[in-house]
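Since the structure comes first, as C-alpha cells, the remarks are kept for the end.
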Amino acid sequence: MIVLGITGGVGSGKSKVLYELQEKYNAYVVEADKLAHELMMPGEAIYNTIIEVFGMDIISKTSPHQIDRHKLGNIVFNNKEKLELLNSITHPLVKANILEQINFQKSINTKLFVIEAALLIEDGYKDICDSIWYIWVDKEIRIKRLIDSRGYSKEKCISIFNSQKEDAYYISNSDATIDNSSSYEITSKQLKVLLNKLLNNDIIS
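Here you go:
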C-alpha cells in the first residue's frame, strides 16, 4: 500500500484533489482536520480534555454538550500559545488514529491511502508517508477564491496566510508540487502523471 500525504494552504483547492483521488482512483482518504472534529464529539477521546483546558464557554448553545468549533477557533486563532496548546492535545491522538486506519486498510489490500493535513510536514507525517505533494496556488488567486466561496475579507485571508509558513518551506519539504492555479483539467493531468510515477502504473490507465 502507498501512503500519500496531501497538504496546501487554505484556498488552494485540496478538497477537489481529494475528491478525484477518492472517486477516480479509489483512494482511501483521511482528512486530519475532520478527524480531529470527530474526536472532539461528546464521548470521544479529546472531548473532556478540550473542555477542561478551554472551559465551558466553548460549549454550543444550539447543540448541547457539543463543542462550538467557531468559539474555539476564535479563542486560538490570534493566540499562538493557545493554538499550540490545542494542537498538542489533538494532533497526537489524530495521528494515532490515522496509524490505526493505515494498518487496517493495509490488511484489506487497499492500494492508495491518502492523508490530508494543513500541518502535515510540521507534525512529522513525512515518517508515515511514502510521498508528500503540495497543492500550490498563487496567493492572489487564493484570496479571490476565499472571498467568493467563503465570504472572507481580504484582510482575513492575509492574516491566515501570515500565520502559516511560506510556500518555499512546503515546496522544499514535499516530493512534488501541483500547480492548481488555473483550470482543474490541468491539475487533473498533473495528478495523473504523478500517480502513474508513484504507483508504477498499477492502477492508472
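When you line the sequence shown up against the working numbering, it's residues 848 to 1052, in that order.
Built from N, CA and C at the ideal position, the CB exists for glycine as well.
Please read all numbers here as calculations on a predicted model, not as lab measurements.
For V923, the enclosing alpha helix (DSSP H) starts and ends at 916-924. Going by DSSP, V961 is part of the beta strand (DSSP E) stretching over 959-963.
Considered as a whole, the segment 869-919 harbours 875-878 as its complete beta strand (DSSP E) runs of no fewer than 3 residues, in chain order.
Under the Cβ criterion (8 Å, minimum of three pairs), the segment 866-881 counts as touching the segment 952-967. In the displayed model, S1029 falls within coil according to three-state DSSP, outside both helix and strand.
Residue burial annotation: L946 is exposed, with fewer than 16 other C-beta atoms found within 10 angstroms of its C-beta. One thing to note: K861 has its Cβ within 7 Å of the Cβ of E963. Rounded to the nearest angstrom, the Cβ distance from I979 to S1021 is 5 Å, consistent with a contact under 8 Å. Counting only the Cα atoms, L868 lies some 18 Å from G856. For S996, the secondary structure class from DSSP, reduced to helix, strand or coil, is helix. Within the segment 967-1015, the complete beta strand (DSSP E) runs of at least 3 residues fall at 978-983. Judged by DSSP secondary structure, V941 falls within the alpha helix (DSSP H) whose first and last residues are 927-954. Bounds of the beta strand (DSSP E) holding G855 are 849-855.
Nearest Cα to F924 within the set Y1017, Q1011, K1039: Q1011.
By DSSP's assignment, T1024 forms a beta bridge with Y981.
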